[in-house]
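Enquirer:
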Amino acid sequence: MSSPEAPDALLEGTAAPELAVAEAIGRLMHFWGFKRPMGRVWAVLYLHPQPLTAPDLAQCLKMSAGAISMALAELEKWGAVHRSWLPGDRRDFFSAETDIWQLVQRVMRERELRLIRDFSQALEQADHSYTQAQLQLSDRDPSEVVELQELEYKRARIQQLRHLSQTGETLLGALVAGAPVNPSALLTPAAPSNS
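For the sequence shown, the residue numbers in the numbering used here are 210 to 404.
This is the structure we're talking about:
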């Protein structure tokens, strides 16, 4: 039993624009750090009115069964495709998640926001280390003024980076929550001088 609206229909007349869109989405997803086949597979499913099987997708996209299987597994992991079954048919059918904003929010929450938080934590630890080193130097011989100034300079730079990471976390957090983004968060204090 073939799936509803099998890709044979796609290959007649509408295939060229659909495949062009699939390729464009594949490039976009690759730019965003995902594998290009994931974008191609998702695009075909998104543009198709009925769920498709893995062999349907392989035929439409001229991709191997293995490549389709890997792309579908990754897309399922991200909640970008859904698997379903038809009574009397043992094959799996796949459809695209159509709430694109929900997909973008999930990626930003689980990937970008996590990276920014890790970055913030590393900066906080560095700032703490520099603070401890400054305290130790201030108790010593005043002849180590140059070393103390260098630590103060590095700490000021770390503070700038911390401000940047906090701004990024605030902006991404607002986007993920669907809240308004306040552009004043982009304002940064003056950079430390090189003197």
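We put the beta carbon where it would ideally sit given N, CA and C, even for glycine.
All of these numbers come straight from a predicted model, not from anything done at the bench.
With DSSP as the reference, identify every bridge partner of L261, one or two as the case may be.
Expert: When DSSP reads this structure, L261 sits in a beta bridge with F303.
Enquirer: Check whether the stretch 321 to 331 and the stretch 374 to 383 are in contact - that is, three or more C-beta pairs closer than 8 Å.
Expert: yes
Enquirer: Out of G387, A224, E227, G242, which one is the CA nearest neighbour of W310?
Expert: G387
Enquirer: In terms of alpha-carbon separation, which member of K363, Q330, E333 lies closest to Q343?
Expert: K363
Enquirer: How about the stretch 283 to 299 and the stretch 234 to 241: do they share at least three Cβ pairs that are nearer than 8 Å?
Expert: No, the stretch 283 to 299 does not touch the stretch 234 to 241.
Enquirer: If you compare alpha carbons, which of L346, Q368, D348 is closest to A335?
Expert: Q368
Enquirer: Which of the three DSSP states, helix, strand or coil, is assigned to S293?
Expert: strand
Enquirer: Looking only at its own chain, which residues have a Cβ that is under 6 Å from the Cβ of L357, when we skip the five neighbours before and after it?
Expert: These residues qualify, in order along the chain: L346.
Enquirer: Give me, in chain order, the residues of the same chain whose beta-carbon lies closer than 6 Å to that of Y255; leave out the 5 immediate sequence neighbours on both sides.
Expert: A305
Enquirer: Just the C-alpha distance for S278 and K271, rounded to the nearest angstrom, thanks.
Expert: 13 Å
Enquirer: On a CA-only basis, which of E321, Q259, M317 is nearest F303? Give me that one, please.
Expert: Q259
Enquirer: For R299, count neighbouring C-beta atoms within 10 Å of its own C-beta (all shown protein chains included) and say buried if the count is 16 or more, exposed if not.
Expert: exposed
Enquirer: Whole angstroms is fine: what's the gap from A282's alpha carbon to M317's?
Expert: 20 Å
Enquirer: When you compare the CB positions of L332 and L370, do they come within less than 9 Å of one another, or not?
Expert: The Cβ atoms of L332 and L370 lie closer than 9 Å to each other.
Enquirer: Is E355 buried or exposed, if buried means 16 or more other CB atoms sit within 10 Å of its CB?
Expert: Going by the sequence as given, residue 355 is Val instead of Glu. Exposed, by the Cβ-count rule.
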